[in-house]
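S.K.:
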Amino acid sequence: MSPAETQAAARTSTEPPLKIGSRTMPSRYFLAPLAGYTHLAFRTALRELGGLGLATTDLVQATMLLSGRPKSMELIATTPADRPLSVQIFSGRPEEVVRAAKWLEDAGYEGVDINMGCPMAKVNGQGGGARLMCDTSGATSLVAGVVNAVQIPVTVKMRLGWDADNLTAPALARAFEQEGVAAITIHGRTRQQGFHGSVDLEGIAATVDAVDSIPVVGNGDVRTIEDAQHMRRVTGCAAIAIGRGAMLDPWLFRKLEDVVERGEEPREPAAEEQIDFLVRHFTLMTEQHGDYSCTLFRKFAGWYGARLGIPEDLEDRLRRFTSIEEFHAIVEQIRERHGERTTTIATALVKVPNGPVERW
Ligand SMILES: Cc1cc2nc3c(=O)[nH]c(=O)nc-3n(C[C@H](O)[C@H](O)[C@H](O)COP(=O)(O)O)c2cc1C
Numbered sequence: 000m001s002p003a004e005t006q007a008a009a010r011t012s013t014e015p016p017l018k019i020g021s022r023t024m025p026s027r028y029f030l031a032p033l034a035g036y037t038h039l040a041f042r043t044a045l046r047e048l049g050g051l052g053l054a055t056t057d058l059v060q061a062t063m064l065l066s067g068r069p070k071s072m073e074l075i076a077t078t079p080a081d082r083p084l085s086v087q088i089f090s091g092r093p094e095e096v097v098r099a100a101k102w103l104e105d106a107g108y109e110g111v112d113i114n115m116g117c118p119m120a121k122v123n124g125q126g127g128g129a130r131l132m133c134d135t136s137g138a139t140s141l142v143a144g145v146v147n148a149v150q151i152p153v154t155v156k157m158r159l160g161w162d163a164d165n166l167t168a169p170a171l172a173r174a175f176e177q178e179g180v181a182a183i184t185i186h187g188r189t190r191q192q193g194f195h196g197s198v199d200l201e202g203i204a205a206t207v208d209a210v211d212s213i214p215v216v217g218n219g220d221v222r223t224i225e226d227a228q229h230m231r232r233v234t235g236c237a238a239i240a241i242g243r244g245a246m247l248d249p250w251l252f253r254k255l256e257d258v259v260e261r262g263e264e265p266r267e268p269a270a271e272e273q274i275d276f277l278v279r280h281f282t283l284m285t286e287q288h289g290d291y292s293c294t295l296f297r298k299f300a301g302w303y304g305a306r307l308g309i310p311e312d313l314e315d316r317l318r319r320f321t322s323i324e325e326f327h328a329i330v331e332q333i334r335e336r337h338g339e340r341t342t343t344i345a346t347a348l349v350k351v352p353n354g355p356v357e358r359w
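Numbering-wise (numbering that gives the first Met the number 0), the sequence shown opens with residue 0 and increments by one.
1. Considering only residues of the same chain and omitting the five flanking positions on each side of Glu104, which have a CB-CB separation below 6 Å?
2. My output table needs one value for Ser136: the three-state DSSP class, helix, strand or coil.
3. Check the C-beta distance from Ala181 over to Gly20 and give it rounded, since I have them as a contact under 8 Å.
4. Is Gly160 near ligand 1, going by C-beta to nearest heavy atom under 7 Å?
5. So Gly110 packs on Pro83, CB below 8 Å; how close in whole Å?
6. Round the Cβ separation of His280 and Phe41 to the nearest angstrom and send it over; I've been treating them as touching at under 8 Å.
7. Buried or exposed, going by whether 16 or more other CB atoms sit within 10 Å of the CB of Asp199?
8. Quick one: give me the first and last residue of the alpha helix (DSSP H) that Ser292 is part of.
9. Taking 7 Å as the cut-off, is the beta-carbon of Leu58 closer than that to any non-hydrogen atom of ligand 2?
10. May I ask you to report which of helix, strand or coil DSSP gives Val215?
11. Buried or exposed: which applies to Gly67, given that a residue is buried once 16 or more other Cβ atoms fall within 10 Å of its Cβ?
12. In angstroms with no decimal places, state the Cα-to-Cα distance between Val146 and Ala269.
13. Please state the DSSP three-state secondary structure of Leu33.
14. Starting from Ala174 and walking both ways along the beta strand (DSSP E), at which residues does that stretch end?
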């Protein structure tokens with residue numbers, strides 16, 4: 000049995016395993032795409048901890064993918080253990096999205112996700128990401144084009160709408176289902192909100208109500224077991240996608256599996272396991288990226304520091320290290336001084352005013 004099948008077989012929950020198109024999910028707790036973070040190394044390290052269902056790559060620009068850009072190839076790098084996986088693509092040019100989906104299917108990928116949620120100007124400016132939510136018929140024909148071009152399940156990730164006056168997600172979800180989309184992931188904010196304000200669970204529920212039978216995956220601000228259970232209860236969503244919460248607590252998927260699937264107490268990782276995870280993630284990264292991993296890994300420091308018991312001064316060094324040897328030297332000090340922290344809040348969550356410090 001593959002690890003995913005073993006995971007599915009160990010379930011005691013009365014809830015049947017979730018299917019997305021032809022694919023059976025080993026868990027209802029998914030990894031949301033986080034550009035710059037959800038690379039192969041992070042996905043693999045998380046899967047090894049247990050409890051993770053579907054993972055999705057960072058968003059990949061369709062044209063770049065089709066032209067075989069090395070950066071795009073890095074983003075779609077995967078292994079047999081990295082399953083189930085969907086590749087997320089975007090472009091404002093529908094024909095490119097269709098061709099990219101076909102390319103992915105021909106290359107053996109088992110799922111494709113279309114990005115309709117990205118709020119970034121460079122993505123929206125090309126007519127991609129959340130901008131697509133403003134054009135119901137254009138978005139629907141793009142989705143239909145992709146669904147008709149491939150056999151693998153096609154999913155869509157979107158927000159509630161462009162702004163509070165244009166909450167198009169329910170209508171779009173219904174239209175996409177009719178075109179044959181296998182699932183919808185819905186981040187409970189509008190494009191206008193960016194990452195501000197709170198997630199609107201009623202908005203997610205409205206999308207759940209709008210579809211007939213495809214799974215709707217709820218997303219946004221899930222950081223704890225309770226958050227996940229609350230979102231499922233209030234919205235009726237079939238699954239949850241967790242993004243930043245996975246960096247703040249990489250064991251969240253395993254703990255959800257313990258509690259929801261097995262009806263047991265959540266297992267908290269001991270200090271040694273926490274440090275082993277840090278080393279494992281970095282080592283996996285070096286296998287793909289070599290010395291460049293030092294640069295790629297540094298931005299995880301602010302997310303991991305609090306959860307992994309890394310003293311603030313060592314977290315600061317992890318934010319600046321420049322060699323693989325230096326990483327391991329810092330880890331040795333973390334082993335000796337694990338838990339010597341004054342704050343339990345992740346640095347990545349500490350809000351600072353905008354602009355230069357003298358103008359705060
Ligand atoms: C740094 C960062 C990168 C992101 N990159 C993507 C992306 O590539 N594709 C996408 O659909 N959403 C992306 N998102 C949005 C997340 O997938 C998710 O919808 C959002 O962060 C809310 O979920 P969370 O609170 O669990 O993180 C990104 C979010 C962040 C913070």
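All C-beta atoms, glycine included, are put in the ideal place defined by N, C-alpha and C.
M.R.: For this structure:
1. Val149 and Ile151
2. helix
3. 4 Å
4. no
5. 7 Å
6. 6 Å
7. buried
8. Ser292 to Arg297
9. Ligands in the displayed structure: ligand 1; ligand 2 is not one of them.
10. strand
11. exposed
12. 45 Å
13. coil
14. No beta strand (DSSP E) holds Ala174; the alpha helix (DSSP H) holding it covers Ala168 to Glu178.
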